[in-house]
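Q: Questions regarding the structure given below will be posed in turn.
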Amino acid sequence: MTQNANLQEWDAIRPLSHREFEEFRSLAHRTFGLDLKAGKEELVSARLRKLVRGSGLRSFQEYYRQVVEDSTGRTLASMIDALTTNHTSFLREPDHFDFLRQRLSSEFANSERLEIWSAACSTGEEVWTLACLLNDCLGPNRGRILATDISNRVLKAASEGCYGADRCAGIPAAWLSRYFMAEGRPARSYRIAPAIRAQVQFQRVNLVERISLARQFPVIFCRNVMIYFDRRFTGSRPVRSTGGPNRRRNGGLPGGRRLRTGPDDVRARLLHRTGPV
Ligand SMILES: C[S@@+](CC[C@H](N)C(=O)[O-])C[C@H]1O[C@@H](n2cnc3c(N)ncnc32)[C@H](O)[C@@H]1O
0 MTQNANLQEW DAIRPLSHRE FEEFRSLAHR TFGLDLKAGK EELVSARLRK LVRGSGLRSF
60 QEYYRQVVED STGRTLASMI DALTTNHTSF LREPDHFDFL RQRLSSEFAN SERLEIWSAA
120 CSTGEEVWTL ACLLNDCLGP NRGRILATDI SNRVLKAASE GCYGADRCAG IPAAWLSRYF
180 MAEGRPARSY RIAPAIRAQV QFQRVNLVER ISLARQFPVI FCRNVMIYFD RRFTGSRPVR
240 STGGPNRRRN GGLPGGRRLR TGPDDVRARL LHRTGPV
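Letter 242 of the sequence shown, counting from 1, is numbered 241 in numbering that gives the first Met the number 0, and no numbers are missing.
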């Protein structure tokens, strides 16, 4: 198809109207807690337009109907994939990891096994940072991580655990040689080593739904996700603390916010708050 024909097809989709924006906004809020503020019309339009075209549809209205009528949930899942923001990096916000390193070498040093939940793991950089840290501080195979996110697309990338060399620039050289395998010479990408990969389980979890996880997690990383939720979700019941010797009042989670997602059957011992709630 010529460039002109492509442009014509693009133009054939009518611009997102205010009413359509409000419909998507309300759907995103109901289904995954995203609080799309007014003024985000252009962003929503640009991200959804590709899906409208990809489905062979002519309007946002038709696409909206397809999303709400698809009982498999697949169309909704791809809409969520398109609207979520997945920015992340290795050792992002390093003070959270410094804090954890300190705890791993003190109160968790003698734990036989430590489980961490990375509750909005995006493409996995946070997960593998945690995995390297666990192996560094506790030794091989004493840590386990549950890595969850709402987006299937990012979960797939995270579980592949392979990143272009540019994205690995911030990883310490010792970690790269111990926990990753270089691909290409010079390295074009780095893949997480199988022994580290085996310590992580991936699962799709929507944090605004009721969550029931079989295990308890002494440490939860829930960073840079609550900021997208409005008060209806963030103001609900906090994750129940199981107490224990190191329990602190007003504890919190790496990420600057107490975890208040509403799932009252998830148990966590809250350790630390790194910023204002
Ligand atoms: C900005 S990334 C944060 C990644 C990582 N925690 C970090 O701080 O680098 C936010 C992640 O939250 C996920 N997310 C958004 N809404 C969610 C929800 N309702 N339940 C679970 N994950 C959600 C997105 O898919 C995205 O991957």
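Where a beta carbon is used, it is the ideal one built from N, C-alpha and C, also for glycine.
Kindly give me the distance between the Cβ atoms of N85 and S121, rounded to whole angstroms, as I take these residues to be in contact under 8 Å.
A: Confirmed, Cβ separation roughly 5 Å.
Q: Could you pull the DSSP bridge partners for S117 from this structure?
A: Partner(s): A146, F220.
Q: Measuring CB atoms only, is the stretch 213 to 232 touching the stretch 106 to 119, in the sense that at least three cross pairs come out at less than 8 Å?
A: Yes, they touch.
Q: For Q198, which option in P14, R18, L56, C131 has the closest C-alpha, if you only look at C-alpha atoms?
A: Here the closest residue by C-alpha is C131.
Q: With a CB to CB cut of under 8 Å and the five nearest residues on each side skipped, what residues in its chain are close to S16?
A: Closer than 8 Å at Cβ, skipping near neighbours: F59.
Q: Does the beta-carbon distance from G169 to L90 come in below 8 Å?
A: It is a contact, given that the beta carbons lie within the stated cut-off.
Q: So, at 6 Å on beta carbons, what are the nonlocal neighbours of G242 in its own chain, with the 5 sequence-adjacent residues on each side left out?
A: Any reading at G242 needs caution, since the residue's pLDDT is 32, under 50, leaving its predicted position unreliable; the model's value is listed next. For G242, where only same-chain residues beyond five positions count, there are no Cβ hits under 6 Å.
Q: Can you say whether S77 is buried or exposed, counting buried as having 16 or more other CB atoms within 10 angstroms of its CB?
A: Classification for S77: buried.
Q: Identify, in the order they occur along the chain, each residue of the same chain with its Cβ nearer than 7 Å to the Cβ of R57, setting aside the five sequence neighbours on each side.
A: These residues qualify, in order along the chain: A11, I12.
Q: For T260, count neighbouring Cβ atoms within 10 angstroms of its own Cβ and tell me buried if that reaches 16, exposed if not.
A: The predicted model places T260 with a pLDDT of 32, which falls under 50 and marks its position as unreliable, so this point remains unresolved.
Q: Label D165 either buried or exposed according to how many other C-beta atoms from any shown protein chain fall within 10 Å of its C-beta, with 16 as the threshold for buried.
A: When all chains shown are included, D165 counts as exposed.
Q: Cβ of E182 within 8 Å of Cβ of S176?
A: No.
Q: In chain order, what residues of the same chain have a beta carbon less than 6 Å from the beta carbon of R18, not counting five sequence neighbours either side?
A: If we look at R18 and ignore the five residues flanking it on each side, it has no Cβ neighbours.
Q: Do you know how far the Cα of L137 is from the Cα of P14?
A: In a straight line, the C-alpha of P14 is about 55 Å away from that of L137.
Q: Quick one: complete alpha helix (DSSP H) runs, 4+ long, within the stretch 155 to 222?
A: Listed in chain order, they are 172 to 178, 193 to 196.
Q: Out of curiosity, what's the CA-to-CA distance linking Y227 and D148?
A: Rounded to the nearest angstrom, the two C-alpha atoms are 14 Å apart.
Q: Taking 7 Å as the cut-off, does the CB of A76 come closer than this to any heavy atom belonging to ligand 1?
A: Checking the Cβ of A76 against ligand 1 gives no.
Q: Would you call the CB atoms of S70 and Y62 closer than 8 Å?
A: No. Outside cutoff.
Q: Can you round the beta-carbon distance between A157 and V126 to whole angstroms, since I take them to be within the 8 Å contact cut?
A: Going by Cβ atoms, the distance from A157 to V126 rounds to 6 Å, so yes, they are a contact pair.
Q: Can you pull the DSSP bridge partners for F228?
A: According to DSSP, F228 bridges with L33.
Q: Work out the CA separation of A27 and R48 for me, nearest whole Å.
A: The straight-line gap from Cα to Cα measures roughly 16 Å.
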